[in-house]
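Numbering (my numbering), first residue to last: 4 to 171. Have a look at the structure below before the remarks.
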C-alpha cells in the first residue's frame, strides 16, 4: 500500500466545477450591485415613491409628484471600500399653493447653472432656474435628512424644485 500525497487530487473535479460556478455567480452578483439603474435603452431610472422625499424634506409641503435617484458617489475601484459619500438628485413638483408660498417666502436670484430636465419628467421645458441661499439652507437643515451639502434650484413657472445633494 502506497501512501503518496501527490497521487490523490486535493479537490475532486465536481467540487472544483461547483466552486468555480459559485465564485462566478458571486462575482456577477457583486458586479451587478455596482451598476447604476438603467432601462434597457440605457436611460436612467427615476424613482417616484413619495415617502422618502416627504420624510426628509417636510418644508416642500404635500407636493404633487417627485422623481429622484440616490446612491453612492464614485465608481467601484475593486479595492476595499472606504467611507462612501451618498447623493440624492431629484425633481419635486410642488402643489400650486406651496409653490407660491415658497416663492414669496425666500429671496431669489437667477442661476447661471443649466439644469437638464429629463424628457420623461417634463417633455416641454422652459423657464429660468432660481437659487436662494436661505431656501437651500432650509432644505439642507431638515432634521430627518442626512443630505447636508449641495445645491437646490427652483423653477417658479412650473413649481419645480431640483435637488442635487450629498451627505458630506
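Just so it is clear, CB atoms sit at the ideal spot from N, CA and C, and this is done for glycine as well.
- Beta-bridge analysis with DSSP links residue 69 to 95.
- Per DSSP, the unbroken beta strand (DSSP E) holding residue 166 starts and ends at 163-169.
- Ranked by Cα distance from residue 126, the first of 65, 161, 167 and 88 is 161.
- Judged by their CB atoms, residue 124 and residue 71 are not nearer to each other than the 7 Å cut-off.
- Per DSSP, reduced to three states, the secondary structure at residue 74 is strand.
- Counting along the chain, the unbroken beta strand (DSSP E) around residue 152 starts and ends at 152-158.
- C-alpha of residue 75 to C-alpha of residue 87: approximately 6 Å in a straight line.
- Around the beta carbon of residue 151, fewer than 16 other beta carbons lie within 10 angstroms, which makes this residue exposed.
- Spatial neighbours of residue 156 in its own chain (CB-CB distance under 8 Å, excluding positions within 5 residues in sequence) are listed in chain order as 114, 116, 118, 132, 133, 134, 164, 165 and 167.
- The Cβ-Cβ distance between residue 97 and residue 60 does not fall below 7 Å.
- Of 58, 104, 15 and 47, the smallest CA-CA separation from residue 122 is found for 47.
- With fewer than 16 other beta carbons inside 10 angstroms of its own, residue 20 counts as exposed.
- Contact check for residue 17 against residue 147 fails: the beta carbons are separated by 7 Å or more.
- Taking residue 73 as the centre and dropping the five residues before and after it, the same chain places the C-beta of 89, 90 and 91 closer than 7 Å to its C-beta, in chain order.
- Here residue 90 carries a strand assignment [DSSP, helix/strand/coil].
- Remark: C-beta atoms of residue 63 and residue 95 approach each other more closely than 7 Å.
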